[in-house]
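Going line by line, the protein sequences match chains A and B. Read left to right, the first sequence gives residues 130 to 613 (my numbering). Read left to right, the second sequence gives residues 2 to 289 (my numbering). Just so you know, even glycine gets a beta-carbon here, dropped at the ideal spot from N, CA and C. What follows is a set of notes on a single structure, which appears directly below.
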Amino acid sequence: MTAQDWETVVGLEVHVELSTASKLFCGCANEFGGEPNTNVCPVCLGLPGSLPVLNERAVEYALRVAEALHLEVPPVSVFARKNYFYPDMPKNYQTSQYDMPITVHGWLDVDGARIGITRAHLEEDTGKTLHVGGGGRIHDADHALVDYNRAGVPLLEIVSEPDIRSAEQAKRYVEELRATLLAIQVSDVKMEEGSLRIDANVSVRPAGSDGLGTRCEIKNLNSLRSLVKAIEHEARRQVTAIEFGDAIVQETRHWDEQRGRTVAGRSKEEAHDYRYFPEPDLVPVAPTPDMREHVRRTLPELPAARRRRLVEAWGIRDDDARVLVATPGLADYAEKAVAALAGGTPREVVNWVRQEVLAYLNETGLSPSVLAPEMLAELVGLVAAGTISRNQAKDVLDESLREERWPRDIVEARGLAQVSDAGELAAVVASVLDEHRGVVEEYRGGDDKARKKKRGFLMGELMKRLQGKGNPQVLNRLLDEQLG
Amino acid sequence: MKPTYGAVSRYGLVAFASSLDQIGPFAADVHDAALALEAIRGHDPCDSTSIASPLPPVLDTLDDGVSGLRVGVVEELTDVEGVQPEVRAAVDGAAGALEDAGAKVERVSVPTVVHGLPAYYLIAPAEASSNLARYDGVRYGLRVDADDVAAMNAATRDAGFGPEVKRRIMLGTYALSAGYYDAYYGQAQRVRTLIIRDFERAYERFDVLLAPTSPTVAFPLGAKTADPLAMYLSDVCTIPTNLAGHPAISVPFGTGEGGLPVGVQVLAPALGEPVMFRAARALEVARR
Ligand SMILES: [Zn+2]
C-alpha cells in the first residue's frame with residue numbers, strides 16, 4: 130500500500146474557558162493574567178469545610194452553546210468528581226460531568242461537511258504549575274510554584290465525533306467553532322491565553338474502510354499551526370508504523386513544537402483510574418423551559434447565517450465574509466461603517482477593512498471595537514465623491530486610524546482635496562494649452578508614440594499648475610475634448 | 002440528635018462523607034437539643050444541599066405529648082440476633098412508656114434496613130476517600146518532604162492519617178475503581194434507594210419509629226479498635242435512617258451491664274423533627 134491509500138480520522142476535544150464574570154463554583158473573578166493567587170477564596174482553594182455553589186451564568190452559557198451547535202439538553206445533568214492527584218488541583222479531584230453531561234448529540238457544519246458533536250459538558254479548570262530552576266524543564270526543576278487564579282474557572286469541553294478527515298479540516302472545524310463561540314459571546318477563545326485548548330484523537334485506516342483504527346490522543350496543541358502539523362505528523366507516523374508491520378498502541382502523545390513531532394507520554398504515570406462518582410456537594414442541574422426559551426430568544430446571529438447575509442446584501446466574496454466574521458469585532462465594525470455610509474459602496478468598505486484596517490489591527494494588537502467605523506465611512510465617501518484619490522486615501526486612513534481623526538479634517542489640514550470641478554479645470558486646461566501651443570501642434574501632427582509623449586508633458590504641466598490636486602480622470606477627459 | 006439532611010448547613014464542616022454528613026447537637030436533655038437545633042439550622046446559600054424552604058418549629062410543640070401518636074417498633078433492628086436482651090428490654094420499656102402516655106404502639110417491618118450497614122460502609126468510605134484527598138501537603142497542614150511531589154503526597158498522607166482513616170480511604174478507593182463501581186458503589190446507592198422507599202412505606206402507617214440506638218450497651222473506650230468489623234456493627238441501628246437523610250434522636254432509657262446507659266432512638270420522616278421531639282420528650286419525662 131502507498132500513503133495515498135490511507136485516510137486520516139480525527140476527533141477533537143476542545144476545552145473552552147467561559148467568559149463568565151465569576152468562577153464556576155465561587156464568587157472569585159474569572160480573569161486572565163492577575164498577580165498569582167489573588168483571585169482565590171476558600172472554595173477554589175479547596176480549603177476544608179468549603180462547598181461549591183454552581184454559577185448559573187455558566188449553565189446559561191452552556192445552553193447558548195447548545196443552541197448554536199444543535200445540541201440536545203437532557204432534562205437533568207449531574208456533576209461528577211474526577212479523582213486524581215495533581216498539585217494544581219486544590220481538592221485533588223476535578224468537579225466535572227461524566228455520564229450525565231449538560232448537552233449531547235449536536236453538529237457543526239464546516240464548509241459543507243457536517244461534523245458530529247458527541248457532547249459538551251461543564252467542568253472547572255485547574256491552576257497552573259510553574260517549574261522553577263533547571264532551565265524550565267519539568268524533570269530538572271528545583272521546585273514548582275502553583276498559581277490558583279485559574280482554578281475553578283468554568284470550562285466547557287466540546288467533544289467531536291471522529292468525523293474529521295484531514296488536518297486542514299480539523300483547523301477549519303476549530304475556526305468555525307471559534308467564530309461560533311465568539312458570536313454567541315461565551316468565550317474570548319484566545320488560544321495564546323489558553324482560553325481555548327485542543328486535544329486531538331488521531332487514527333488512520335485504509336481509504337474506503339468504515340472501521341476505526343487504534344487512536345492516539347495528542348495533547349499540548351497551543352495553536353492552529355501546531356494542530357495541523359501535529360495531525361499531519363501523527364498520521365504519517367501511524368501509517369509508517371503500520372506499513373512496517375507494527376501495531377499502533379493506544380496512548381497519549383505530546384506535540385513537541387521544537388522537534389516537530391509527537392512524543393509518547395509516560396503511559397504508566399498517565400494511566401489514571403479517575404474513579405468518577407456523582408458530586409454529592411451539588412444538586413442535579415435541570416434547566417427550565419423558561420431558561421431555554423430565554424437563551425433561544427437572545428441568541429445572536431450565528432457566523433454561517435451572518436456570512437450568507439453579508440455576501441447577499443453587500444455583493445462581497447465568501448472569503449471576505451469569512452475574514453470579517455472570523456475576526457472578533459471586525460464584522461460589527463464593517464456593518465457600522467456601512468450603516469454610516471454617505472457615499473460609496475459596502476464593497477469598498479470591505480476592501481479597506483480587509484487591507485488597511487486589518488493590517489493596522491494586526492500591527493497594534495487592538496480590537497476593532499476601539500475604532501470609529503464612522504471615520505472609515507467618511508473616508509469611503511471622500512473617495513467616491515472624487516475629493517481624494519485612492520492613493521491619497523491610504524495615507525489619510527492611516528492617519529485617521531492612528532490619530533483617531535476625521536478623514537475630512539486630515540484632507541483639509543493637508544490641503545489634499547482634489548479639484549474635480551470640470552468648469553474650473555477646463556479653464557486651466559485651456560490656459561496651459563495656450564501657453565504650449567507648439568507642443569499642441571506637434572501633438573496633433575505626431576504619430577501615436579509622439580502623441581503619448583506630448584500628452585504626458587501637458588498633463589505634467591497641468592498638475593504643476595494645480596499643485597497635484599487636479600482630478601486625473603476629469604483632466605484626461607478635458608484633454609481629449611480640447612486636443613480634438 | 003441528627004436533623005434532616007440539609008437542615009443544618011455543612012459550610013465550614015470538615016467533610017467526611019458529604020451525602021451523609023449532617024451536624025446535630027449533643028445536649029443534656031431533649032429541650033436543650035431542640036433549642037440548639039433551632040439556633041443552628043436554616044437555609045444557607047453557600048451549601049447547595051441546604052433546604053431552602055422554612056423548617057417547622059420544634060420548641061413550640063415540644064410538650065404537646067404523644068396522645069394518638071402512631072409509633073412503630075422496627076422489628077429488624079430490635080427483635081434480631083445480636084441485639085442484647087437488656088437493649089431490647091429498654092426498647093420495650095420505651096414503647097410501654099409511650100403507650101402509657103397515649104400513643105398507639107405496634108411492631109413494624111422495614112425489611113431493607115438490614116442492608117444499611119454494608120451500603121453505608123461502601124458509600125461513606127468512597128466519599129471520604131475523595132474528600133480527604135486534599136490533605137496532600139501541598140497547600141497547608143502537615144508536609145513530609147520527599148524527592149518529588151508524588152512521594153511527598155504519599156509520605157505526608159502516611160504520616161498524617163491514622164489506621165482507621167487509611168482503612169476507609171482504601172475501602173472507598175477500591176469501591177470506586179474501574180470495574181468495581183457498579184458492583185460496590187452503584188449497588189450501595191441502589192440499596193439506599195430501597196431503604197428510603199421502605200421507610201416511606203412505614204411512615205404511611207406510623208408518625209415515628211422506635212429502635213435501639215446501638216445493639217449493645219456501651220463498651221469501654223478502645224475495646225473494639227482491634228476488630229474494626231465489630232466496631233462497624235455497633236452502627237447498624239443508626240445507619241439506615243442516616244442513609245435515608247431522615248432525622249433521628251437518641252434518648253437514654255435505662256442502664257445495662259455495669260450501670261452503663263442504654264439508648265433508644267426515635268426516627269421520623271424528612272422534616273419530621275417536631276413529632277420526633279415530642280416523642281423523645283415524652284420518653285425523657287417517663288424516665289424521671
Ligand atoms: Zn474562589
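Have a look at residue i and residue j and give me their C-alpha separation to the nearest angstrom.
i                     : j                     : result
residue 239 (chain A) : residue 378 (chain A) : 30 Å
residue 235 (chain A) : residue 345 (chain A) : 24 Å
residue 132 (chain A) : residue 364 (chain A) : Confidence is the limiting factor: at residue 132 (chain A) the pLDDT is only 48, short of 50, which leaves the residue's position unreliable, though a coordinate-based value still follows. Residue 132 (chain A) and residue 364 (chain A): Cα-Cα distance of roughly 10 Å.
residue 502 (chain A) : residue 470 (chain A) : 10 Å
residue 474 (chain A) : residue 358 (chain A) : 40 Å
residue 151 (chain A) : residue 191 (chain A) : 15 Å
residue 24 (chain B)  : residue 201 (chain A) : 39 Å
residue 186 (chain A) : residue 149 (chain A) : 7 Å
residue 163 (chain A) : residue 214 (chain B) : 54 Å
residue 333 (chain A) : residue 356 (chain A) : 16 Å
residue 61 (chain B)  : residue 181 (chain B) : 49 Å
residue 212 (chain B) : residue 94 (chain B)  : 11 Å
residue 172 (chain B) : residue 123 (chain B) : 7 Å
residue 413 (chain A) : residue 280 (chain A) : 22 Å
residue 239 (chain B) : residue 70 (chain B)  : 22 Å
residue 305 (chain A) : residue 452 (chain A) : 11 Å
residue 487 (chain A) : residue 528 (chain A) : 15 Å
residue 260 (chain A) : residue 384 (chain A) : 19 Å
residue 291 (chain B) : residue 199 (chain B) : Only positions 2 to 289 of chain B appear in this structure, which leaves residue 291 (chain B) out of reach.
residue 145 (chain A) : residue 37 (chain B)  : 47 Å
residue 30 (chain B)  : residue 265 (chain B) : 14 Å
residue 141 (chain A) : residue 220 (chain B) : 60 Å
residue 295 (chain A) : residue 129 (chain B) : 46 Å
residue 8 (chain B)   : residue 178 (chain A) : 17 Å
residue 393 (chain A) : residue 301 (chain A) : 26 Å
residue 465 (chain A) : residue 459 (chain A) : 10 Å
Are residue i and residue j touching if we call contact CB-CB under 9 Å?
i                     : j                     : result
residue 216 (chain B) : residue 88 (chain B)  : yes
residue 478 (chain A) : residue 505 (chain A) : yes
residue 587 (chain A) : residue 562 (chain A) : yes
residue 154 (chain A) : residue 183 (chain A) : yes
residue 137 (chain B) : residue 108 (chain B) : no
residue 210 (chain B) : residue 111 (chain B) : yes
residue 281 (chain B) : residue 267 (chain B) : yes
residue 232 (chain A) : residue 243 (chain A) : no
residue 425 (chain A) : residue 196 (chain A) : yes
residue 226 (chain A) : residue 250 (chain A) : yes
residue 321 (chain A) : residue 349 (chain A) : no
residue 278 (chain A) : residue 256 (chain A) : yes
residue 125 (chain B) : residue 17 (chain B)  : yes
residue 319 (chain B) : residue 67 (chain B)  : Within the shown structure, residues of chain B are numbered from 2 to 289, placing residue 319 (chain B) beyond reach of any answer.
residue 252 (chain A) : residue 286 (chain A) : yes
residue 161 (chain B) : residue 142 (chain B) : yes
residue 194 (chain A) : residue 327 (chain A) : no
residue 214 (chain A) : residue 134 (chain B) : yes
residue 262 (chain A) : residue 276 (chain A) : no
residue 277 (chain B) : residue 253 (chain B) : no
Could you pull the start and end residues of the alpha helix (DSSP H) that residue i belongs to?
i                     : result
residue 94 (chain A)  : Examination of residue 94 (chain A) is not possible in this model, given that chain A is present from 130 through 613 alone.
residue 126 (chain A) : Chain A is shown only over 130 to 613; residue 126 (chain A) falls outside these bounds and no answer can be derived.
residue 95 (chain B)  : 86-101
residue 510 (chain A) : 502-513
residue 150 (chain B) : 150-161
residue 70 (chain A)  : Residue 70 (chain A) is absent from the model: chain A starts at 130 and stops at 613.
Name the two residues that bound the continuous beta strand (DSSP E) containing residue i.
i                     : result
residue 222 (chain A) : 222-226
residue 113 (chain B) : Element bounds for residue 113 (chain B): n/a, residue is neither H nor E.
residue 254 (chain B) : 249-256
residue 266 (chain B) : 262-268
residue 14 (chain B)  : Run containing residue 14 (chain B): none; DSSP gives neither H nor E here.
residue 251 (chain A) : 242-253
residue 347 (chain A) : 345-350
residue 143 (chain A) : 135-146
At a Cβ cut of 7 Å, what residues of the region 405-430 of chain A count as close to chain D, listed as they run along the chain?
No chain D is part of this structure, whose protein chains are labelled A and B.
Would you list, in sequence order, the uninterrupted alpha helix (DSSP H) runs of no fewer than 4 residues that lie entirely inside the region 541-592 of chain A?
Within the region 541-592 of chain A, the complete alpha helix (DSSP H) runs of at least 4 residues are 551-564 and 566-574.
Taking 6 Å as the limit, name every residue whose beta carbon sits nearer than that to some heavy atom of ligand 1, in sequence order.
Cβ-based neighbours of ligand 1 within the cut-off: A:152, A:155, A:157, A:169, A:170, A:172, A:173 and A:281.
Which whole runs of the alpha helix (DSSP H) in the region 285-316 of chain A are 4 residues long or more, in chain order?
For the region 285-316 of chain A, whole alpha helix (DSSP H) runs of length 4 or above, ordered along the chain, are 296-312.
Which ranges does the alpha helix (DSSP H) cover as unbroken runs of at least 4 residues, wholly within the region 181-217 of chain B, from first to last along the chain?
DSSP runs (the alpha helix (DSSP H)) wholly in the region 181-217 of chain B: 188-206.
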